[in-house]
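**Q** Take a look at this one; I'll ask things after.
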Amino acid sequence: MTELNFEHRQAGHCESGVTSNLLNYHKLSLSEPMAFGIGAGLFFSYLPFLKMQHAPVTSFRVWPGMVFSRTTKVLGIKTHIYRFRDPKASMDKLDEVLAQGFPVGLQVGTFHLPFFPPEYRMHYNMHNMVVYGKTDDFYLISDTVMEQKVRISYDDLMRVRFAKGAFAPRGRMYYPYSFPSSFDLKHAIIKGIRKTAGNMVRVPFPLIGTKGIRYLAKQMRQWPEKLGEDKASYYLGQVLRMEEEVGTAGAGFRFIYGTFLDEAGTFLKQDWIKEVAVEMGHTANYWRQFSYLGSRNCKKRSGPGQSFDELADMLMECADREEKIFRNLVKIR
Amino acid sequence: MEKQMENSNPVYKNKSYGQYREMLYSYDENGNFQKSVSYHGEPDRVVLEQAWDLFNERAEEAKQKVLAGKVSPIAYYMEKILADPMGLSMMAGVSLWKVKLHCKPFFFKRLSDRTLTQYAEAFNISMEQLKNFEHLTGK
Numbered sequence: 056m057t058e059l060n061f062e063h064r065q066a067g068h069c070e071s072g073v074t075s076n077l078l079n080y081h082k083l084s085l086s087e088p089m090a091f092g093i094g095a096g097l098f099f100s101y102l103p104f105l106k107m108q109h110a111p112v113t114s115f116r117v118w119p120g121m122v123f124s125r126t127t128k129v130l131g132i133k134t135h136i137y138r139f140r141d142p143k144a145s146m147d148k149l150d151e152v153l154a155q156g157f158p159v160g161l162q163v164g165t166f167h168l169p170f171f172p173p174e175y176r177m178h179y180n181m182h183n184m185v186v187y188g189k190t191d192d193f194y195l196i197s198d199t200v201m202e203q204k205v206r207i208s209y210d211d212l213m214r215v216r217f218a219k220g221a222f223a224p225r226g227r228m229y230y231p232y233s234f235p236s237s238f239d240l241k242h243a244i245i246k247g248i249r250k251t252a253g254n255m256v257r258v259p260f261p262l263i264g265t266k267g268i269r270y271l272a273k274q275m276r277q278w279p280e281k282l283g284e285d286k287a288s289y290y291l292g293q294v295l296r297m298e299e300e301v302g303t304a305g306a307g308f309r310f311i312y313g314t315f316l317d318e319a320g321t322f323l324k325q326d327w328i329k330e331v332a333v334e335m336g337h338t339a340n341y342w343r344q345f346s347y348l349g350s351r352n353c354k355k356r357s358g359p360g361q362s363f364d365e366l367a368d369m370l371m372e373c374a375d376r377e378e379k380i381f382r383n384l385v386k387i388r
Numbered sequence: 112m113e114k115q116m117e118n119s120n121p122v123y124k125n126k127s128y129g130q131y132r133e134m135l136y137s138y139d140e141n142g143n144f145q146k147s148v149s150y151h152g153e154p155d156r157v158v159l160e161q162a163w164d165l166f167n168e169r170a171e172e173a174k175q176k177v178l179a180g181k182v183s184p185i186a187y188y189m190e191k192i193l194a195d196p197m198g199l200s201m202m203a204g205v206s207l208w209k210v211k212l213h214c215k216p217f218f219f220k221r222l223s224d225r226t227l228t229q230y231a232e233a234f235n236i237s238m239e240q241l242k243n244f245e246h247l248t249g250k
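Residue numbers (this note's numbering), protein chains in the order written: chain E, 56 to 388; chain W, 112 to 250.
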């Protein structure tokens, strides 16, 4: 029976929330947007060849696990990251690490997660949460989606840690264990911003970054003819679900990133970054508007203003605005 | 678990649906970024329900087909756990082309107990339930 004195803070995005909470336990206070920005979490990719829940994948974030590993690496924090073949071995290792007094981050699948909001229980294997203790029957969990701390039984935990399907977590667990005496936060922020901006505008591949948004917009115009109204509206719904659903804190992370830019501008004492943050805020509101009009379409109550053409125009506008923002940010020193 | 599986879909529109508050960030007119904790907004609710409606529809369709003898129970339970053939093949550890074959009644009838157990584990039901489909969905 162990229970660590872990502070649970609800967060918008699971992985950056977990990173921030884990570092906070070790007396390094880093806000959630900060962890997200330093870990270069913002991204865009549209992968029409990969289907999830019967529609193409649109992702507004980087590969799972990247935020934690980038943040800790750039701050010089040493971490252990494990994956397992054998479920039993993974649980033994978890107990061992807990007994040493470290809270542990876990990657789990959400489909069988008993305490999770039912509307989100789809096959999504990239969710993150923290185990901070163990009683006789239960593991004590701090899940950033939930308002309160929760608990889960041994069997259930084993099951979600070894959820199968695309992006299977394979019992992935991670925790920081050694901290340097001083941090170069300035360097970390600059590196994070440059990485994100580079990902968004400098990758020479049409499905990624602002090019990806434009590609999606072009495809979207063709959906009604190609797929028929029903399927087109479902595909649109998938984009919106990825943008607004669990773990994005609204508008596909654009609000979190704006918050990060705002904090970064204050920290670096560079006013132009704060101006960019304002721009980001307006862009995020525009994304929000896009999803609002898009959802009217999904409800099949679209007036003349919510056709796929108009939505595609809005996406194009989003891409233009973001391109401007990130072309600016890539020059950061 | 078995009892839940009787309903059309285990989690959709059960009593805790939509009862959770999540954290959202926003940007207001005064130029401040803010955090708030709230229930789903209108757009979220619409797109989530759209997805669950589709899952239910597909499961219902598959059920009718099974009762008509056109596809095997595997196809129905696959829709029920929101999987596609590729996902099911990963979950059950059966290769994709075999999963597609097993969705046909002809091949389903001659499945070995071992393979059936693999499927039953993926569906989280017993092997008997998987075999005796008529009893489960009968009137």
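Yeah, the Cβ is synthetic: ideal placement off N, Cα and C, and Gly gets one too.
1) Given that residue 70(W) touches chain E, what residues does it touch there, using C-beta distances under 7 Å?
2) How far does the alpha helix (DSSP H) with residue 374(E) in it reach, from first residue to last?
3) Using DSSP bridges, identify the partner residues of residue 107(E).
4) Quick one: grab the DSSP three-state call for residue 58(E).
5) Enumerate in chain order the residues of its own chain whose CB-to-CB distance from residue 387(E) is below 7 Å, with the five nearest sequence positions on each side excluded.
6) What residue range is occupied by the uninterrupted beta strand (DSSP E) comprising residue 134(E)?
7) Determine, for residue 299(E), whether the minimum Cβ-Cβ distance to residues of chain W falls below 7 Å.
8) Note down, in chain order, every chain E residue with its Cβ under 7 Å from the Cβ of residue 154(W).
9) If the cut is a Cβ gap below 7 Å, which residues of chain W does residue 177(E) touch?
10) Going straight from the alpha carbon of residue 111(E) to that of residue 204(E), what length do you get?
11) Does the segment 102-116 of chain E come close enough to the segment 311-324 of chain E to have 3 or more Cβ pairs within less than 8 Å?
12) Residues bridged to residue 188(E) by DSSP?
13) Going by Cα to Cα distance, which pick from 225(E), 136(E), 215(E), 190(E) is closest to residue 150(E)?
14) Note down, in chain order, every chain W residue with its Cβ under 7 Å from the Cβ of residue 172(E).
15) Could you compute how far the alpha carbon of residue 291(E) sits from the alpha carbon of residue 70(E)?
16) Report the CB separation of residue 177(E) from residue 166(E) in whole angstroms; it is logged as a contact under 8 Å.
17) Chain E partners of residue 202(W), CB-CB under 7 Å?
18) Roughly how many angstroms separate the alpha carbons of residue 158(E) and residue 61(E), rounded to a whole number?
19) For the alpha helix (DSSP H) containing residue 426(E), name the first residue and the last one.
20) Do you know whose CA, among 271(E), 383(E), 56(E), lies nearest residue 101(E)'s CA?
21) Can you round the beta-carbon distance between residue 129(E) and residue 257(E) to whole angstroms, since I take them to be within the 8 Å contact cut?
22) In the DSSP assignment, what residue or residues form a beta bridge with residue 233(E)?
23) I'd like to confirm the pairing. Which residues does DSSP put opposite residue 133(W) in its beta bridges?
24) Measuring alpha carbon to alpha carbon, tell me which residue in 238(W), 211(W), 213(W), 216(W) is nearest residue 224(W).
25) Of all the CB atoms in chain E, is at least one closer than 7 Å to the CB of residue 182(W)?
26) Using a Cβ-Cβ cut-off of 7 Å, state whether residue 353(E) counts as contacting chain W.
27) Along the segment 154-178 of chain W, where does the CB come closer than 9 Å to a CB of chain E? Name the residues.
28) Note down, in chain order, every chain W residue with its Cβ under 7 Å from the Cβ of residue 333(E).
29) With a CB to CB cut of under 6 Å and the five nearest residues on each side skipped, what residues in its chain are close to residue 59(E)?
30) Could you tell me which residues DSSP pairs with residue 387(E) in its beta bridges?
31) Which one or two residues does DSSP pair with residue 183(E) in a beta bridge?
32) Closer than 9 Å by beta-carbon distance: list the chain W residues that pair up with residue 108(E), in chain order.
33) Taking DSSP as the reference, what is the three-state secondary structure of residue 177(E)?
34) Going by C-alpha to C-alpha distance, which of 160(W), 154(W), 211(W), 175(W) sits closest to residue 175(E)?
35) In terms of residues, what are the limits of the alpha helix (DSSP H) holding residue 200(W)?
**A** To lay it out plainly:
1) Missing from the structure shown is residue 70(W); chain W here goes from 112 to 250 and no further.
2) Unbroken alpha helix (DSSP H) run through residue 374(E): 363-384.
3) Note: residue 107(E) sits in a beta bridge opposite 110(E).
4) Reduced to three states, the DSSP call for residue 58(E) is strand.
5) Same-chain partners within the cutoff: 245, 248, 249.
6) Where residue 134(E) is concerned, the enclosing beta strand (DSSP E) stretches over 133-137.
7) Interface criterion met: the Cβ of residue 299(E) is under 7 Å from a Cβ in chain W.
8) By Cβ distance, chain E contributes 295, 299, 346, 347, 350.
9) Here the neighbours are 193.
10) Across the structure, residue 111(E) and residue 204(E) are spaced so that their CA atoms are roughly 34 Å apart.
11) By the criterion of at least three beta-carbon pairs nearer than 8 Å, the segment 102-116 of chain E is not in contact with the segment 311-324 of chain E.
12) BP columns for residue 188(E) point to 58(E), 195(E).
13) Each of 225(E), 136(E), 215(E), 190(E) was checked against the Cα of residue 150(E), and the nearest Cα belongs to 190(E).
14) By Cβ distance, chain W contributes 131.
15) Looking at the two C-alpha atoms, the distance is approximately 25 Å.
16) At roughly 7 Å, the Cβ-Cβ gap stays under 8 Å, so residue 177(E) and residue 166(E) are in contact.
17) Near residue 202(W) (Cβ distances below 7 Å), the residues of chain E are 219, 220.
18) Cα to Cα, residue 158(E) sits roughly 8 Å from residue 61(E).
19) Residue 426(E) lies beyond the stretch modelled for chain E, which goes from 56 to 388, so this question has no answer here.
20) Closest by alpha carbon: 271(E).
21) Actually they are not in contact, since the Cβ atoms of residue 129(E) and residue 257(E) sit about 19 Å apart, beyond 8 Å.
22) BP columns for residue 233(E) point to 133(E).
23) Per DSSP, 149(W).
24) Measuring from the Cα of residue 224(W), the nearest candidate turns out to be 238(W).
25) No, no contact with chain E.
26) Yes, its Cβ sits closer than 7 Å to a Cβ of chain W.
27) Residues of the segment 154-178 of chain W that bring their beta carbon within less than 9 Å of a beta carbon in chain E comprise 154, 155, 156, 157, 158, 159, 160, 161, 162, 163, 165, 166, 169, in sequence order.
28) The contacting residues are 142.
29) Once the five neighbours on either side are set aside, the close Cβ partners of residue 59(E) are 158, 187, 188.
30) In the DSSP output, where bridge partners are listed per residue, residue 387(E) has none listed.
31) Answer by DSSP bridge pairing, in chain order: 162(E).
32) For residue 108(E), the residues of chain W that pass the 9 Å Cβ criterion are 162, 165, 166, 193, 195, in the order they occur in the chain.
33) Secondary structure at residue 177(E): coil, using DSSP grouped into helix, strand and coil.
34) Nearest of 160(W), 154(W), 211(W), 175(W) to residue 175(E), Cα basis: 160(W).
35) Where residue 200(W) is concerned, the enclosing alpha helix (DSSP H) starts and stops at 196-203.
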